[in-house]
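A short worksheet on the structure shown next.
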Amino acid sequence: MTAALSRRDLLRTGGVLLVGFALPASALATPSSVPRAKTVDTTEVDGFLAIHQDGSVTIFCGKVDLGQGLRIAIRQMAAEELGIGVERIAMIEGDTLLTPDQGPTVGSTGVMKGGVQIRQAAATARQALIRLAAERQDLPADQVDIVDGEVRPRSGEGRSFGIGDLVGEAGFNLKLDPKAPLRPPASYRVVGKPLPRPDVPAKITGRHVYVHDFTLPGMLHGRVIRPPSVGATLTSVDEASVRPVKGARVIRLRDFLAVVAETEWDAVRAAGLLKAQWSDSAPLMGHAAVRDAMKAGPFVGRDTLVNTGDVAGALEDSDAKVLRAEYFWPVQSHASMGPSCAVAEVKGGSATIWTASQATHRFRPAFAAMLGLPVDRVRLIYLDGSGCYGMNGHDDAAADAALLAKATGKPVRVQWSREDELGWDPKGPPQLLALEGALGSDGQVTGWRTEMWLPKATAGLPNVPLLAPQSAGIGQPMGLITGLINQNGDPPYAVPAVEVTVNWLADAPLRPSNIRAPGKIANTFAVEGFFDELCVASGLDSLFGRLRLLRDIRAIKALTRAAALMSWRPRPAPNPIPGIGRGIAYVHYKHSETYVAIAMEVAVDRDSGKITPRRVVCSHDCGLVINPDALKLQIEGAIIQTLSRTLLEEVAFDAKAVTSTDWASYPILGFADIPEIMVDLIDQPDLPPLGGGEAAATPVPAALANAVFDACGARLRTAPFTPDRVKAALPPPA
Amino acid sequence: MPATPPSKARTKAPSPASQRTISLSLNGTATVIAVTDPNQPLLYVLRNQLGLTGAKFGCGKGQCGACTILIDNEPARACQTPIAAVADKRVTTIEGLGSVKAPHPVQAAFIAEQAAQCGYCATGMVMSSVALLARIPKPSLDEAKRALSGNLCRCGTHQRILRAVMRASGSAQP
Ligand code: FES
Ligand code: FES
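Taken in sequence, the protein lines are chains A and B. To convert, note that position 86 of the first sequence is 122 in my numbering; the numbers rise steadily by one, no gaps. To convert, note that position 123 of the second sequence is 132 in my numbering; the numbers rise steadily by one, no gaps.
This is the structure:
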């Protein structure tokens with residue numbers, strides 16, 4: 037029985053739960069032992085790694101692998117510094133008891149911040165190991181190095197020590213040295229290699245333990261019944277209605293309504309039978325009203341984000357040709373493949389929650405407050421979930437499970453339904469942008485203005501407010517979390533006068549959270565789509581139009597490589613041969629991180645309005661590449677997911693609740709529409725590693741919109757690009 | 010062809026409620042399962058009663074393919090198959106194909122192509138691919154896309170999955 041085996045394996049260390057690799061057959065080492073009073077101090081080497089007597093190593097990582105490949109990338113970074121192979125490293129992720137708080141796994145920071153921090157801990161450890169070995173044989177430290185897990189004199193003469201012989205289980209007791217020298221990239225043996233991800237074999241053979249698969253003895257199964265409309269209160273519950281299901285119980289905490297039962301099927305049946313009355317509530321505007329509502333407010337402020345040159349002068353210049361356009365991005369769901377799930381146990385004044393959260397450390401205080409426990413009595417343990425791309429329902433499911441575990445005194449597993457996930461996951465917020473651009477008589481862009489309408493994130497809010505405490509009447513800080521959605525609103529080109537302002541909305545149409553590349557997808561859609569409009573207006577080839585206003589060599593390289601791979605021949609758009617089009621778009625993520633250029637080829641059917649993406653080429657420079665294969669897959673995933681968001685996705689809701697709650701009403705891109713994708717990595721071994729999970733998503737909608745325009749002359753400025761929108765935007769046949 | 014539509018399993022007449030056990034061949038082993046409710050979807054029985062957690066709950070509505078298994082070598086949705094409908098059938102789950110140490114050739118191809126991100130869809134993808142390759146040993150890329158059209162993936166692993174299917178079939182990879 038795999039599940040039983042896995043559970044035993046997970047629990048075998050008793051008080052300390054080790055979950056780096058649940059299965060003995062896994063390709064990499066399993067943690068052998070962990071000191072119980074382990075430090076989680078981010079300034080201590082022992083916070084991040086332990087070297088065991090047999091020379092194996094355990095890494096304690098506050099960031100988690102959500103499917104993006106951190107599990108191999110961070111091992112590679114540590115292995116390189118320590119002079120060992122990745123197979124000697126076990127890794128524990130996101131366990132609040134054992135791992136340092138490295139911040140949530142968001143914003144493409146897994147390698148860039150999390151991995152870099154662990155690399156520095158490993159580099160510090162390397163120096164200490166070299167010192168210890170050098171002292172033992174009276175050699176200067178620079179005559180000693182670590183190779184294949186052994187600390188050896190560089191001369192090859194004299195004793196060598198296994199790294200496990202030099203440090204006892206008590207650890208290093210050493211401060212992390214931010215200046216500890218790193219191995220030079222030219223000597224890399226592990227970093228930069230396309231090593232396979234250690235979790236893939238278990239995932240492919242059905243043996244990987246997801247939180248959905250995790251069980252505890254005596255565990256109950258819970259289902260939470262959400263109200264039929266947002267904000268409705270529970271007026272009455274007929275507890276007798278679940279009686280046909282033996283052992284099913286109704287749990288009610290004010291408006292938090294749930295059933296628990298001994299088996300999952302009983303919980304499903306009881307939830308279906310339960311009769312409850314809810315108050316009338318119709319607080320939502322409905323998705324069709326969102327766009328207009330964004331201009332209507334209410335507003336809580338206005339900021340000028342960029343202001344260079346004389347924008348008003350450029351736009352009012354009577355010799356200038358001025359273009360104006362509005363771009364809109366709708367509310368979208370994370371739409372994870374598996375509805376969220378969590379398991380919790382609350383007993384003896386402490387709580388343990390097994391969760392697929394991207395942010396176990398961040399949510400720990402919220403769970404402590406909700407359960408009325410001190411923070412140090414609450415432990416969140418990360419287990420893989422279905423991929424999330426920002427905060428989906430995982431944290432809410434964990435809160436559901438924790439409340440039910442407290443109420444019942446038993447471990448409780450809560451599994452959301454498909455309708456729960458698409459209906460109640462916190463949503464990517466809508467975005468509206470108005471752009472103005474002035475073209476001088478020579479076709480140069482002389483002025484640019486972006487005005488944005490965005491929901492304002494609440495300053496200092498620790499986490500997305502959770503559904504369970506809210507409905508149970510347990511106080512929690514309220515407000516909006518959106519991620520940094522106002523970045524990349526200005527063109528990445530040399531335009532002499534640029535102004536970017538944002539009108540901050542007091543609220544969002546549905547509870548928001550960060551969703552992959554927060555805000556930057558819509559902003560780059562607007563900026564790069566509008567820039568293309570300017571190129572078209574001045575009769576310029578859109579690659580040339582960009583290149584002539586770029587100074588940064590990394591930007592130029594990304595664009596020219598993508599264009600070359602697409603066999604780009606200079607000509608203005610639209611394509612003289614109708615029906616097929618090409619587009620290009622570029623981003624310098626947050627103006628400070630990864631460089632991405634995407635070129636795309638599409639076919640557009642004028643009669644049906646259907647867009648078929650045929651080929652996508654992505655040139656991607658995120659500095660030092662740790663694992664090219666895992667990175668390429670991340671980029672492919674970002675491209676496909678964003679094509680889906682651009683072509684198909686908008687959360688539908690009426691005055692009461694979300695109505696697009698299954699895969700028929702919230703369709704995502706399927707195999708039929710998957711284009712050929714080529715990822716071109718521009719490795720920069722001597723530069724710091726940057727993020728790979730988000731940046732490639734951002735130029736996708738603009739590259740697609742620009743290609744559609746090239747194919748048929750329809751300029752799309754509103755996502756999703758439905759066939760009706762394509763047809764409405766088509767110019768009349770010539 | 011998408012995998013077996015849910016209706017196929019559903020149209021089976023449910024066994025009388027008095028029946029307390031059913032027999033089937035599960036991953037090649039004759040198995041008797043205690044049945045508490047003949048309408049309980051096979052998916053819950055596999056995952057919770059038999060410890061076979063490789064098939065995943067994705068939608069419970071036959072829309073995503075995360076729960077794909079084989080019934081008499083045809084792909085089926087375990088979430089849409091009442092347990093009573095598999096009496097005397099041959100059921101194969103992902104666990105019956107191979108293991109980490111001895112993967113089935115299709116699993117080996119998926120591993121070689123690293124065809125999983127979160128991997129939540131992966132076992133369903135493998136099952137649908139195994140069924141396809143049993144039917145068409147050398148599918149074209151379009152045939153592969155059609156065979157997998159009932160399996161959704163949110164992480165965007167599609168290209169790798171298609172490469173894995175082509176690799177398993179011995180054809181050139183896209
Ligand atoms: S869970 Fe069975 S098809 Fe989605
Ligand atoms: S790999 Fe995550 S859903 Fe397919």
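Where a beta carbon is used, it is the ideal one built from N, C-alpha and C, also for glycine.
Worksheet item: For B/Leu161, which option in B/Ala125, B/Cys88 and B/Gln72 has the closest C-alpha, if you only look at C-alpha atoms?
Response: As a position in the second sequence, residue 161 of chain B is number 152, starting the count at 1. Among B/Ala125, B/Cys88 and B/Gln72, the Cα nearest to that of B/Leu161 belongs to B/Gln72.
Practice prompt. Take the Cβ of B/Ile145 as the centre, count every other Cβ of all protein chains shown within 10 Å, and call the residue buried at 16 or more, exposed below.
Written response: The sequence position of residue 145 of chain B within the second sequence is 136, counting from 1. Exposed is the call here.
Item to complete: Take A/Asn522 as the anchor and find which of A/Pro528, A/Pro498, A/Lys626 and A/Ala443 has the nearest alpha-carbon.
Response: Here residue 522 of chain A corresponds to residue number 486 of the first sequence, with the count starting at 1. Measuring from the Cα of A/Asn522, the nearest candidate turns out to be A/Lys626.
Worksheet item: Does DSSP classify B/Thr132 as helix, strand or coil?
Response: Walking along the second sequence from the start, residue 132 of chain B turns up at place 123. Looking at B/Thr132 - three-state DSSP - the assignment turns out to be helix.
Worksheet item: Does any CB atom of chain B fall closer than 8 Å to the CB of A/His430?
Response: Working through the first sequence from its first residue, we reach residue 430 of chain A at position 394. No - not a single Cβ of chain B is within 8 Å of the one on A/His430.
Practice prompt. Figure out for me which residue from A/Glu564, A/Ser549, A/Ile240 and A/Arg400 has the closest Cα to the Cα of A/Asn524.
Written response: The sequence position of residue 524 of chain A within the first sequence is 488, counting from 1. Of A/Glu564, A/Ser549, A/Ile240 and A/Arg400, the residue nearest in Cα terms is A/Glu564.
Worksheet entry | Own chain partners of A/Val572 with C-beta closer than 6 Å, once the 5 adjacent residues on each side are dropped | The residue labelled residue 572 of chain A in the question sits at position 536 within the first sequence. Same-chain partners within the cutoff: Ala609.
Worksheet item: Which residues, in chain order, does the region 670-689 of chain A contribute to contact with chain B at a C-beta distance below 9 Å?
Response: Gln670, Glu672, Gly673, Ala674, Ile675, Ile676, Gln677, Thr678, Leu679 and Ser680
Practice prompt. Would you mind telling me which residues of chain A sit closer than 9 Å to B/Gln182, beta carbon to beta carbon, in chain order?
Written response: Your numbering for residue 182 of chain B matches position 173 in the second sequence. Chain A residues near B/Gln182: none, gap ~11 Å exceeds 9 Å.
Worksheet item: Based on the DSSP secondary-structure assignment, which residues constitute the bridge partners of A/Arg188?
Response: The residue labelled residue 188 of chain A in the question sits at position 152 within the first sequence. The partner list for A/Arg188 (beta bridge, DSSP) reads A/Asp181.
Practice prompt. Let me know if A/Ile589 comes out buried or exposed under the rule of 16 or more other beta-carbons within 10 Å of its beta-carbon.
Written response: Numbered from 1 along the first sequence, position 553 holds the residue referred to as residue 589 of chain A. Per the 10 Å Cβ criterion, exposed.
Worksheet item: Taking the Cβ atom as the reference point for each residue, do A/Gly29 and A/Leu667 lie within a distance shorter than 8 Å?
Response: The question about residue 29 of chain A has no answer, for chain A in this structure spans 37 to 770.
Item to complete: Return the chain-ordered ranges of every alpha helix (DSSP H) run that is complete within the region 684-752 of chain A and spans a minimum of 4 residues.
Response: 736-748
Worksheet item: Closest by CA to A/Glu129, which one among A/Thr94, A/Gln112 and A/Ala115?
Response: Here residue 129 of chain A is taken as the residue at index 93 of the first sequence, counted from 1. The shortest Cα separation from A/Glu129 among A/Thr94, A/Gln112 and A/Ala115 belongs to A/Thr94.
Item to complete: Return yes when the C-beta of A/Gly15 is under 7 Å from any heavy atom of ligand 1, and no when it is not.
Response: Since the first residue of chain A shown is 37 and the last is 770, residue 15 of chain A is not available in this structure.
Practice prompt. For A/Leu289, write down the residues that DSSP places opposite it in a beta bridge.
Written response: The residue you call residue 289 of chain A lines up with position 253 of the first sequence. DSSP output for A/Leu289 lists A/Phe292 as bridge partner(s).
Fill in: Closer than 8 Å at the beta carbon, the chain A residues around B/Ala130
Start at 1 with the first residue of the second sequence, and residue 130 of chain B comes out as number 121. In the sequence as presented, Ala is not what sits at residue 130 of chain B; that position holds Cys. Correct list: Met373.
Worksheet item: Is B/Ala75 near ligand 1, with its Cβ less than 7 Å from a heavy atom?
Response: Numbered from 1 along the second sequence, position 66 holds the residue referred to as residue 75 of chain B. Indeed, a heavy atom of ligand 1 lies less than 7 Å from the Cβ.
Discussion item. Against chain A, does B/Pro114 count as a neighbour if the rule is that its beta carbon must be under 8 Å from one of theirs?
Written reply: For this step, residue 114 of chain B is matched to residue 105 along the second sequence. Judged by the 8 Å Cβ criterion, B/Pro114 is not in contact with chain A.
Fill in: Every unbroken alpha helix (DSSP H) within the region 41-114 of chain B, with a cutoff of 4 residues, ordered by chain
103-106
Fill in: Which of helix, strand or coil DSSP assigns to A/Met636
By 1-based counting over the first sequence, the position of residue 636 of chain A is 600. In this structure, A/Met636 counts as strand in the three-state DSSP scheme.
Fill in: Per-residue DSSP class, three states only, for A/Arg650
Looking up residue 650 of chain A in the first sequence gives position 614. It is a strand residue.
Worksheet item: Does the beta-carbon of A/Lys211 have 16 or more other beta-carbons within 10 angstroms, so that it is buried, or is it exposed?
Response: If you number the first sequence from 1, residue 211 of chain A lands on position 175. Answer is exposed; the Cβ neighbour count stays below 16.
Practice prompt. Using a Cβ-Cβ cut-off of less than 9 Å, give me the residues of the region 49-76 of chain B that come near chain A, in sequence order.
Written response: Gln49, Pro50, Tyr53, Val54, Arg56, Asn57, Gln58, Leu59, Gly60, Leu61, Thr62, Gly63, Ala64, Lys65, Phe66, Gly67, Cys68, Gly69, Lys70, Gln72, Cys73 and Ala75
Discussion item. Counting only beta-carbon separations shorter than 8 Å, does A/His248 have a partner in chain B?
Written reply: Taking the first residue of the first sequence as 1, we reach residue 248 of chain A at position 212. At least one chain B Cβ lies under 8 Å of A/His248.
Discussion item. Comparing C-alpha positions only, which one of A/Arg607, A/His656, A/Val652 and A/Phe567 sits nearest to A/Ala361?
Written reply: Sequence index remark: in the first sequence, residue 361 of chain A carries index 325 (1-based). The residue with the shortest Cα to Cα distance from A/Ala361 is A/Phe567.
Item to complete: With ligand 2 as the reference, list in chain order each residue whose Cβ lies under 7 Å from any of its heavy atoms.
Response: A/Gly103, A/Met373, A/Ser422, A/Gly423, B/Ala125, B/Gln126, B/Cys127, B/Gly128, B/Tyr129, B/Cys130, B/Ala131, B/Cys162, B/Arg163, B/Cys164 and B/Thr166
Practice prompt. Check whether the Cβ atoms of A/Gln679 and A/Arg415 lie closer than 8 Å to each other.
Written response: Within the first sequence, residue 679 of chain A is the residue found at index 643, counting from 1. Within the first sequence, residue 415 of chain A is the residue found at index 379, counting from 1. According to the sequence displayed, residue 679 of chain A carries Leu and not Gln. Not closer than 8 Å, so no.
Discussion item. If contacts are defined as beta-carbon pairs under 8 Å, then A/Leu85 and A/Phe96 qualify, I think. What distance do you get, rounded to the angstrom?
Written reply: Taking the first sequence and counting its residues from 1, the one referred to as residue 85 of chain A is at position 49. Taking the first sequence and counting its residues from 1, the one referred to as residue 96 of chain A is at position 60. Between A/Phe96 and A/Leu85 the Cβ distance is about 7 Å, and since that is below 8 Å, they are a contact.
Item to complete: Quick one: give me the first and last residue of the beta strand (DSSP E) that A/Ser386 is part of.
Response: The residue you call residue 386 of chain A lines up with position 350 of the first sequence. Looking at the DSSP string, the run of the beta strand (DSSP E) that includes A/Ser386 is Ser386 to Thr391.
Worksheet item: What do you get for A/Arg190, buried or exposed, if any count of 16 or more other CB atoms within 10 angstroms of its CB means buried?
Response: The residue labelled residue 190 of chain A in the question sits at position 154 within the first sequence. Exposed is the call here.
Worksheet item: For A/Met127, which residues does DSSP report across the bridge?
Response: Counting from one through the first sequence, the residue named residue 127 of chain A turns up at place 91. Answer is A/Ile95, bridged to A/Met127.
Discussion item. When you compare the region 378-387 of chain A with the region 434-453 of chain A, are there three or more beta-carbon pairs, one atom per stretch, that lie closer than 8 Å?
Written reply: yes
Discussion item. Which residue wins for smallest C-alpha separation from A/Gln112, given the options A/Phe707, A/Arg485, A/Ala504 and A/Arg233?
Written reply: Residue mapping note: residue 112 of chain A aligns to position 76 of the first sequence, counting from 1. Taking only the C-alpha atoms, the option nearest A/Gln112 is A/Arg233.
Worksheet item: Using a beta-carbon distance below 8 Å, is A/Val142 in contact with chain B?
Response: To locate residue 142 of chain A, count along the first sequence from 1; it is residue 106. No, no contact with chain B.
Worksheet item: Is the beta carbon of A/Trp390 less than 8 Å from the beta carbon of A/Leu419?
Response: On the first sequence, residue 390 of chain A is found 354 positions in, with the first residue counted as 1. On the first sequence, residue 419 of chain A is found 383 positions in, with the first residue counted as 1. Yes, they are a contact pair.
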